[in-house]
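Trainee:
Number of protein chains: 2
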Amino acid sequence: MSPATARLVPPSPDETPTTRERIVEVAARSFREIGYQKTTVADIARTLKMSPANVYRFFDSKKAINEAVVERVTGEIEAMIAAIATAPNLDAPERLTRIVTALHTDCRRRWEAHPRVHEMVEAAMSESWSVCQAHVDRIEAVFARVIEDGVREGQFTPSDPRAAAACLHAGIVRYCHPLLVSRQQDMTLPPLPTMIAFLLGALRAAEP
Amino acid sequence: MSPATARLVPPSPDETPTTRERIVEVAARSFREIGYQKTTVADIARTLKMSPANVYRFFDSKKAINEAVVERVTGEIEAMIAAIATAPNLDAPERLTRIVTALHTDCRRRWEAHPRVHEMVEAAMSESWSVCQAHVDRIEAVFARVIEDGVREGQFTPSDPRAAAACLHAGIVRYCHPLLVSRQQDMTLPPLPTMIAFLLGALRAAEP
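Sequence order for the protein chains is A and B. In terms of full-length UniProt numbering, the first sequence is residues 1 to 208. In terms of full-length UniProt numbering, the second sequence is residues 1 to 208.
Here it is, written out as structure tokens:
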């Protein structure tokens, strides 16, 4: 099908996920490289050789496209840490250490490769909070499962693993939050292994 | 002296601190209320019924004025926590609890009263990092002193109180960083007392 006719033909039900995915793919690239603010739905449509109206059949706004892009990125991050959380032959402190390190490394890598992702994150945080909150909830659910394992193994003490998971997550924000990692260049922060050891201490400490 | 002649008369050495202080005062108010971005040196001069050239005799740029404003605010915060750090009849965990709570409350209060302070902080973080770093260092020095007291009292265990202070500070960033507190409205964060108890656990834990 030539680009000239593509825009006139409604996608068949089978094609729908593919078109949607192509929109998300092109939007993700444009948000990373040009920035969320400067990317328009018309730009995305032009790259896909579609009419803007066709893009709007799949997403009712740029905000909705950003939500799909953010869900794809957060889905990748969640799959990465879920794999570490269930790795065999590692105790709970080691799994938490690897998860936090992976979150930090991933966040830095994405930001260093594409400083403009920060606009996408800003937009999601101010316009699409529920997408961000769902990501936070899923990360903390992974932490809670590993903390429960650690309690069972006798390494950790929290009586409320979910609350401890939320504290652990709040405690690493300086290392794993896209808006802060991007400002970290000049900052004299404790090295991440020192910070992880400190927070694992909190999980080992007797509750008062 | 009338405003019309004031601008023509060079300040005497005695007057210098007062004029400088008035510039900082007016700038601080304008940055809070109108925002750092929209405030110009000409606006500050106009409010003070001075020429911009007179303002430039004291500060060579808007950035330099912002540094003085930020130093005033951070000085207030540091004085507040230094007073808590040396309060009599409180043990080290209680003093740390009060310091962290005061940092959080102060940060929220400033942001809620004047959401535009966020621009001033953004500008300081990107243009005047050494001013921010000096503030971080002074906060962590206060934390380190209280942690040392806690070690002496047998309540805390860190062998390196300064490193522990840096970890404690990194751990509370979600509650005390002006750029994050301002986004906190919708966030389901652990309540601050839960987070403080968690971090005090890290200070009580036996080192591995």
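Cβ coordinates follow ideal geometry from the N, Cα and C atoms, glycine included.
Checking contacts by CB at 9 Å: is A/ARG98 closer than that to chain B?
Mentor: On the first sequence, residue 98 of chain A is found 98 positions in, with the first residue counted as 1. No, A/ARG98 does not count as interfacial toward chain B.
Trainee: What does B/PRO190 touch in chain A if you count any residue whose Cβ is under 7 Å from its own?
Mentor: Numbered from 1 along the second sequence, position 190 holds the residue referred to as residue 190 of chain B. Within chain A, the C-beta atoms nearer than 7 Å to that of B/PRO190 come from ALA163, ALA166, CYS167 and ALA170, in chain order.
Trainee: Are the C-beta atoms of A/ARG152 and some chain B residue less than 9 Å apart?
Mentor: Taking the first residue of the first sequence as position 1, residue 152 of chain A is located at position 152. Chain B contact via Cβ: absent.
Trainee: Can A/ARG98 and A/VAL24 be called in contact, C-beta distance under 9 Å?
Mentor: The residue labelled residue 98 of chain A in the question sits at position 98 within the first sequence. The residue labelled residue 24 of chain A in the question sits at position 24 within the first sequence. Their beta carbons are not under 9 Å apart, which means A/ARG98 does not touch A/VAL24 by this criterion.
Trainee: Cα separation between B/SER2 and B/THR105?
Mentor: Locating residue 2 of chain B in the second sequence gives position 2, where the first residue counts as 1. Locating residue 105 of chain B in the second sequence gives position 105, where the first residue counts as 1. In this predicted model, B/SER2 has a pLDDT of only 43, less than 50, meaning its place in the structure is not dependable; the value taken from the coordinates is given anyway. For the pair B/SER2 and B/THR105, the Cα-to-Cα distance works out to about 42 Å.
Trainee: Is the separation between the beta-carbon of B/TYR36 and that of B/ALA123 shorter than 9 Å?
Mentor: Looking up residue 36 of chain B in the second sequence gives position 36. Looking up residue 123 of chain B in the second sequence gives position 123. Yes, Cβ-Cβ distance for B/TYR36 and B/ALA123 is below 9 Å.
Trainee: Alpha carbon to alpha carbon, how far is B/GLU119 from B/ILE44? Give it in angstroms, no decimals.
Mentor: Here residue 44 of chain B refers to the residue found at position 44 of the second sequence. Here residue 119 of chain B refers to the residue found at position 119 of the second sequence. Here the alpha carbons of B/GLU119 and B/ILE44 stand approximately 17 Å from one another.
Trainee: Name the chain B residues that come within less than 9 Å of A/ARG95, Cβ to Cβ?
Mentor: Sequence index remark: in the first sequence, residue 95 of chain A carries index 95 (1-based). What A/ARG95 touches in chain B: nothing, since even the nearest Cβ is about 16 Å away.
Trainee: Among B/GLY201, B/SER159, B/GLU94 and B/TYR175, which has the Cα closest to the Cα of B/PRO191?
Mentor: Reading the second sequence from its first residue, position 191 is the one you call residue 191 of chain B. That would be B/TYR175, whose Cα lies nearest to the Cα of B/PRO191.
Trainee: Taking Cβ-Cβ distances shorter than 7 Å, what residues in chain B pair up with A/ALA205?
Mentor: Position 205 of the first sequence holds residue 205 of chain A. Residues of chain B passing the Cβ test: GLY201, ALA202, ARG204 and ALA205.
Trainee: Could you confirm whether any beta carbon from chain A is found closer than 9 Å to the beta carbon of B/ARG174?
Mentor: Translated into the one-based positions of the second sequence, residue 174 of chain B becomes position 174. Yes, B/ARG174 counts as interfacial toward chain A.
Trainee: Counting pairs of beta carbons, one from the stretch 137-148 of chain B and one from the stretch 134-142 of chain A, are three or more of them closer than 8 Å?
Mentor: no
Trainee: Between B/ALA28, B/ILE81, B/SER159 and B/GLN155, which lies nearest to B/GLU67 when the distance is taken from Cα to Cα?
Mentor: Taking the second sequence and counting its residues from 1, the one referred to as residue 67 of chain B is at position 67. The residue with the shortest Cα to Cα distance from B/GLU67 is B/ALA28.
Trainee: Since A/THR105 meets chain B, which of its residues come closer than 8 Å, beta carbon to beta carbon?
Mentor: Position 105 of the first sequence, counted from the start, is the residue given in the question as residue 105 of chain A. Under the 8 Å cutoff, chain B gives no residues; its nearest Cβ is about 17 Å from A/THR105.
Trainee: If we define contact as Cβ-Cβ less than 9 Å, is B/VAL181 a contact residue for chain A?
Mentor: Start at 1 with the first residue of the second sequence, and residue 181 of chain B comes out as number 181. It does not; no Cβ of chain A falls within 9 Å.
Trainee: Excluding the 5 residues preceding and the 5 following A/LYS62 in the sequence, name in chain order all residues of the same chain whose CB lies nearer than 7 Å to its CB.
Mentor: Walking along the first sequence from the start, residue 62 of chain A turns up at place 62. Taken in chain order, the residues that qualify are VAL41.
Trainee: Express the C-alpha separation of A/THR47 and A/PHE59 in angstroms, rounding to a whole number.
Mentor: Position 59 of the first sequence holds residue 59 of chain A. Position 47 of the first sequence holds residue 47 of chain A. Linking A/PHE59 to A/THR47 through their CA atoms gives a straight-line distance of about 16 Å.
Trainee: Which stretch, first to last residue, makes up the alpha helix (DSSP H) that contains B/MET80?
Mentor: Here the question's residue 80 of chain B lines up with position 80 in the second sequence. Start and end: 62-85.
Trainee: Return the CA-CA distance between A/ALA205 and B/ALA166, expressed in angstroms with no decimal places.
Mentor: Translated into positions along the first sequence, residue 205 of chain A becomes position 205. Translated into positions along the second sequence, residue 166 of chain B becomes position 166. Each residue's alpha carbon lies about 19 Å from the other.
Trainee: Buried or exposed: where does A/VAL9 fall if 16 or more other Cβ atoms within 10 Å of its Cβ makes it buried?
Mentor: Position 9 of the first sequence, counted from the first residue, corresponds to residue 9 of chain A. Interpretation of A/VAL9 is limited by its pLDDT of 47, a score under 50 that renders its predicted location unreliable; no figure is taken from the coordinates.
Trainee: Is the beta carbon of A/GLN155 closer than 9 Å to that of A/PRO88?
Mentor: What you label residue 88 of chain A is simply residue 88 of the first sequence in a count that begins at 1. What you label residue 155 of chain A is simply residue 155 of the first sequence in a count that begins at 1. Cβ distance not < 9 Å, so A/PRO88 and A/GLN155 don't count as in contact.
Trainee: Can you list the residues of chain A that B/THR194 reaches, using a CB-CB cut of under 7 Å?
Mentor: In the second sequence, the residue the question calls residue 194 of chain B occupies position 194. By Cβ distance, chain A contributes ALA163 and CYS167.
Trainee: Where does A/THR18 land, buried or exposed, given buried means 16+ other C-beta within 10 angstroms?
Mentor: Taking the first sequence and counting its residues from 1, the one referred to as residue 18 of chain A is at position 18. The residue is exposed, with fewer than 16 neighbouring Cβ atoms inside 10 Å.
Trainee: Which residue wins for smallest C-alpha separation from A/LEU96, given the options A/LEU168, A/MET125, A/LEU179 and A/ARG22?
Mentor: Taking the first sequence and counting its residues from 1, one reaches residue 96 of chain A at position 96. Of the listed residues, the one whose Cα sits closest to A/LEU96 is A/LEU168.
Trainee: Apply the 10 Å Cβ neighbour rule to A/ASP149 and answer buried if 16 or more other Cβ atoms are within range, or exposed otherwise.
Mentor: Counted from its first residue, the first sequence places residue 149 of chain A at position 149. Buried, by the Cβ-count rule.
Trainee: I'd like to know if B/VAL136 contacts chain A, where contact means its C-beta is closer than 9 Å to some C-beta of that chain.
Mentor: Stepping through the second sequence from its first residue, residue 136 of chain B is reached at position 136. By this cut-off, B/VAL136 is an interface position.
Trainee: Taking 9 Å as the cut-off, decide whether the C-beta atoms of A/ALA197 and B/PHE198 are in contact.
Mentor: To locate residue 197 of chain A, count along the first sequence from 1; it is residue 197. To locate residue 198 of chain B, count along the second sequence from 1; it is residue 198. No, these two residues do not count as a Cβ contact at 9 Å.
Trainee: Is B/ALA79 buried or exposed, if buried means 16 or more other CB atoms sit within 10 Å of its CB?
Mentor: The residue given as residue 79 of chain B occupies position 79 in the second sequence. With fewer than 16 Cβ atoms within 10 Å of its Cβ, B/ALA79 is classed as exposed.
Trainee: Would you give the residue range spanned by the alpha helix (DSSP H) that A/THR101 belongs to?
Mentor: As a first step, residue 101 of chain A must be located in the first sequence, where it is residue number 101. Here the alpha helix (DSSP H) through A/THR101 covers 92-113.
Trainee: With a threshold of 8 Å, establish whether the CB of B/PRO191 neighbours any heavy atom of the ligand ADP.
Mentor: Summarising the ligand content, the structure contains no ligands, and the ligand ADP is consequently not present.
Trainee: Cα-Cα, which of B/PRO178, B/LEU200 and B/ASP91 is closest to B/HIS114?
Mentor: Against the second sequence, residue 114 of chain B aligns to sequence position 114. Of the listed residues, the one whose Cα sits closest to B/HIS114 is B/PRO178.
Trainee: Determine the contact status of A/ALA85 and A/VAL151, defining contact as a CB-CB distance below 9 Å.
Mentor: What you label residue 85 of chain A is simply residue 85 of the first sequence in a count that begins at 1. What you label residue 151 of chain A is simply residue 151 of the first sequence in a count that begins at 1. Going by C-beta atoms, A/ALA85 is not nearer than 9 Å to A/VAL151.
Trainee: Can you say whether B/THR188 is buried or exposed, counting buried as having 16 or more other CB atoms within 10 angstroms of its CB?
Mentor: Indexing the second sequence from 1 puts residue 188 of chain B at position 188. Exposed, by the Cβ-count rule.
Trainee: With a cut-off of 9 Å, does the C-beta of B/LEU114 fall near any C-beta of chain A?
Mentor: For the purposes of this step, residue 114 of chain B is identified with residue 114 of the second sequence, where counting begins at 1. Inspection of the sequence shows that residue 114 of chain B is occupied by His rather than by Leu. Closer than 9 Å: no.
Trainee: Could you tell me the boundaries of the alpha helix (DSSP H) in which A/MET120 lies?
Mentor: Translated into positions along the first sequence, residue 120 of chain A becomes position 120. Judged by DSSP secondary structure, A/MET120 falls within the alpha helix (DSSP H) whose first and last residues are 117-127.
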